[in-house]
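Read the structure below first, then the notes.
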Amino acid sequence: MEKVHDESTVERIREEYSRIAERGGIAEQGECCAGTGSCSPQFGYDSGEIEALPDGADMGLGCGAPVGALELQPGETVLDLGSGGGIDVFLAAGQVGPEGRVIGIDMTPSMLALARKNAGEGGYDNVEFREGRLEALPVDDASIDAVTSNCVINLVPDKQAVYREIARVLRPGGRVIVSDIVVERPLPESLLREMNEANCVVTAILRERYLDVIRDAGLGEPEVLRDIDYLAAAGWGDRESMNEESRALLDRAGVDYEQIRDTVHSITVRAFKK
264 MEKVHDESTV
274 ERIREEYSRI
284 AERGGIAEQG
294 ECCAGTGSCS
304 PQFGYDSGEI
314 EALPDGADMG
324 LGCGAPVGAL
334 ELQPGETVLD
344 LGSGGGIDVF
354 LAAGQVGPEG
364 RVIGIDMTPS
374 MLALARKNAG
384 EGGYDNVEFR
394 EGRLEALPVD
404 DASIDAVTSN
414 CVINLVPDKQ
424 AVYREIARVL
434 RPGGRVIVSD
444 IVVERPLPES
454 LLREMNEANC
464 VVTAILRERY
474 LDVIRDAGLG
484 EPEVLRDIDY
494 LAAAGWGDRE
504 SMNEESRALL
514 DRAGVDYEQI
524 RDTVHSITVR
534 AFKK
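Counting in the working numbering, the sequence shown runs from 264 upward without gaps.
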């Protein structure tokens, strides 16, 4: 059975990401996905592209590189859900060009302030950032060509509402490509209790349930483009490779490493608006 989360979960996530933004987009070890020793490795980003972005745009909190799979065209309108410091907004902005437009949505005012500062420093004239919840997007119906999100929808308790909103704002034939965290089987409750509630694993759901949410929203059949063993990629490949703090987390939870091996995955998924 999936763990039930309420509005208090959302508020704690907002507070956690506010702290990260107020430090200029620098995430500390305990804030990394799964509580791993290193904040999300660069899952597919081109290092040259990242280096060209404003400082603070890449906060190391993603679990994929979905923008590259969108195959954006000049003049398109793109929506980034949970835009944070703006990394995917800025990458998309370069691809759609001056005739295109990229909108970032985030629920955290301090994140929006950081993203707008980054946009100004980078001279991005074709982007904007709006405050809003992903379950109720401040975006017009059928106004978006492509939607993306990077390791954010997994944090939202009501994922069904998010994907219904994605279907609402996409134009017919539009596409959504997101990178997100799913689990192959339920993680031990004792481990989840030890983790920060803003951790992307705590609110993650089973893979097949996640894909069903996309189908139920009225989008086409979801296609998994990329599938990564997240824990292994982030330094939890085995107990010996973990740092001392990570091993202590398992010990406090009374969890043997074999219980979580190959359990948490980062998937990049694509679906089209019917």
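For each residue, glycine too, the CB sits at the ideal point set by N, CA and C.
Task: C-alpha gap between R524 and V487, whole angstroms - done: R524 and V487: Cα-Cα distance of roughly 21 Å.
Open item on the list: Bridge partners for N413 per DSSP, in chain order?
Closed with: When DSSP reads this structure, N413 sits in a beta bridge with S442.
Open item on the list: To the nearest angstrom, how far is the alpha carbon of E285 from that of V390?
Closed with: One Cα belongs to E285, the other to V390, and the distance between them is close to 22 Å.
Open item on the list: So, for V227: in the same chain, excluding its five sequence neighbours on each side, which residues have a beta-carbon less than 7 Å away from its beta-carbon?
Closed with: Outside the modelled stretch of the chain, which goes from 264 to 537, sits residue 227, for which no answer is possible.
- [ ] Please work out which residues of its chain come closer than 6 Å, Cβ to Cβ, to E270, disregarding the five sequence neighbours upstream and downstream, and give them in chain order.
- [x] Correct list: empty, nothing qualifies.
Task: Best match in T272, L512, A332 for proximity to I440 [C-alpha to C-alpha] - done: In terms of Cα proximity to I440, the closest of T272, L512, A332 is A332.
Open item on the list: Applying the 10 Å Cβ sphere with the 16-neighbour rule, what's the burial state of R448?
Closed with: Looking at its Cβ environment, which holds fewer than 16 other Cβ atoms inside 10 Å, R448 is exposed.
Open item on the list: When you compare the CB positions of L397 and V425, do they come within less than 8 Å of one another, or not?
Closed with: Cβ distance < 8 Å, so L397 and V425 count as in contact.
Open item on the list: I'd like the ranges of any alpha helix (DSSP H) spanning at least 4 consecutive residues and lying wholly in the segment 371-430.
Closed with: Correct list: 372-385.
Task: Cα-Cα separation between G395 and I368, rounded to whole angstroms - done: Separation of G395 and I368 (C-alpha to C-alpha, rounded to the nearest whole angstrom) is 6 Å.
TODO: Identify which residue in Q423, R510, D475 has its Cα closest to the Cα of M458.
DONE: Ranking Q423, R510, D475 by Cα distance to M458 puts R510 first.
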